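> Questions regarding the structure given below will be posed in turn.
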Amino acid sequence: MPDYAAIADVSETLKKMLQEGLDSTFGVNQVIVTLDSPKKIEEENNTENKLLSVFLYKVLENSDLKNRPAAVSNSNVKKPTPLSFDLYYMLTPYGADEDNKLKILGRAAQIMYDNAILQGSLLQKKYSGTPEQLKISFTPLTQESIVQTWQALEASMRVAVYYLVTPVEIESLRADSLTPVTERGFGEP
Numbered sequence: 005m006p007d008y009a010a011i012a013d014v015s016e017t018l019k020k021m022l023q024e025g026l027d028s029t030f031g032v033n034q035v036i037v038t039l040d041s042p043k044k045i046e047e048e049n050n051t052e053n054k055l056l057s058v059f060l061y062k063v064l065e066n067s068d069l070k071n072r073p074a075a076v077s078n079s080n081v082k083k084p085t086p087l088s089f090d091l092y093y094m095l096t097p098y099g100a101d102e103d104n105k106l107k108i109l110g111r112a113a114q115i116m117y118d119n120a121i122l123q124g125s126l127l128q129k130k131y132s133g134t135p136e137q138l139k140i141s142f143t144p145l146t147q148e149s150i151v152q153t154w155q156a157l158e159a160s161m162r163v164a165v166y167y168l169v170t171p172v173e174i175e176s177l178r179a180d181s182l183t184p185v186t187e188r189g190f191g192e193p
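Numbering (the working numbering), first residue to last: 5 to 193.
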């Protein structure tokens, strides 16, 4: 089970997957995938370079998985359910001309669609070799939400696509010992 680094590991998994897919289409390192925010890219004057920003813009607790029962092992240890997150990513292409930006965006969307379930060898770092499955889904936003997101980033609004990656779990370090029942009484106060 992934630990506290799970969010970073998922981000690296997406970055590597997208970089490999873009390399196969445009040539090795012709488009650079970065986890940097759009604001940082603007501040560093990188908007003319062929880039794809894979920016984690929102993290929410997964309410559906929150109330699962705790796991009890054979050694009478009760572990709380993992902390489960939904990660929201914004994919933003950059480049000198609009045609290249749109091709980068289209290819990135195709890669995400073709890998809607991340598992096995696609998973990186501590997720590597685990039976974990992460689901990627396109997340349409209203125009109002898009504007609010860009305003919060304090960056110039650009064309982007938005994705949800779920469930990303972080295992609890807490373990409660359970004392087995050794006597049973009836009618005792």
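Beta carbons: idealized from backbone N, C-alpha and C, even for Gly.
Quick caveat: nothing in here was measured; it's all calculated off a predicted structure.
How many angstroms separate the CA atom of Asp118 from the CA atom of Trp154?
The alpha-carbon atoms of Asp118 and Trp154 are separated by roughly 27 angstroms.
> Under a Cβ-count criterion, where at least 16 other Cβ atoms within 10 Å of its own Cβ denotes burial, should Asp13 be classed as buried or exposed?
Answer is buried; the Cβ neighbour count reaches 16.
> Give the straight-line distance between the Cα atoms of Arg162 and Leu60, rounded to the nearest whole angstrom.
Near 16 angstroms, if we compare the C-alpha coordinates of Leu60 and Arg162.
> Do Ala159 and Pro86 count as a contact pair if the criterion is CB distance below 8 angstroms?
Contact flag unset, no.
> Nearest-angstrom Cα distance between Asp7 and Leu177?
One C-alpha to the other measures close to 9 angstroms.
> Between Asn89 and Glu136, what straight-line distance do the alpha-carbon atoms span, to the nearest angstrom?
Asn is not the amino acid found at residue 89; the sequence shown has Phe there. Taking the straight line from one Cα to the other gives about 14 angstroms.
> Cα-Cα, which of Gln23, Asn71, Ala10 and Ile11 is closest to Leu109?
The option with the nearest alpha carbon to Leu109 is Gln23.
> Please name the residue, chosen from Glu47, Gly25, Glu46 and Glu48, that lies closest to Val37 on a Cα-to-Cα basis.
For the residues Glu47, Gly25, Glu46 and Glu48, the minimum Cα distance to Val37 belongs to Gly25.
> Give me the Cα-Cα distance between Gln147 and Val32, rounded to the nearest whole angstrom.
Distance between the alpha carbons of Gln147 and Val32 is about 35 angstroms.
> Per the DSSP calculation, Leu56 is bridged to which residue(s)?
According to DSSP, Leu56 bridges with Val37 and Pro97.
> Mind checking whether Ala120 and Ser141 have CB atoms under 8 angstroms apart?
In contact: Ala120 and Ser141 (Cβ atoms closer than 8 angstroms).
> Mind checking whether Tyr98 and Thr143 have CB atoms under 8 angstroms apart?
No, Cβ-Cβ distance for Tyr98 and Thr143 is not below 8 angstroms.
> Which residue from Pro171, Glu187, Glu175 and Phe190 puts its Cα closest to that of Ser67?
The shortest C-alpha separation from Ser67 is found at Pro171.
> Exposed or buried, which one is Ala100 when buried takes at least 16 other CB atoms within 10 Å?
Answer is exposed; the Cβ neighbour count stays below 16.
> Using DSSP with H/G/I as helix, E/B as strand and the rest coil, what is Asp103?
Asp103: helix per DSSP, three-state reduction.
> Starting from Val169, trace the beta strand (DSSP E) in both directions and tell me its first and last residue.
Unbroken beta strand (DSSP E) run through Val169: Val165 to Ile174.
> Can you give the Cα-Cα distance for Ala9 and Glu16, rounded to whole angstroms?
C-alpha separation (whole angstroms): 11 angstroms.
> Please report the distance separating the alpha-carbon of Leu39 from that of Asn71.
Those two C-alpha atoms are separated by around 32 angstroms.
> Bridge partners for Ile115 per DSSP, in chain order?
DSSP, once it has assigned bridges, lists no residue as partnering Ile115.
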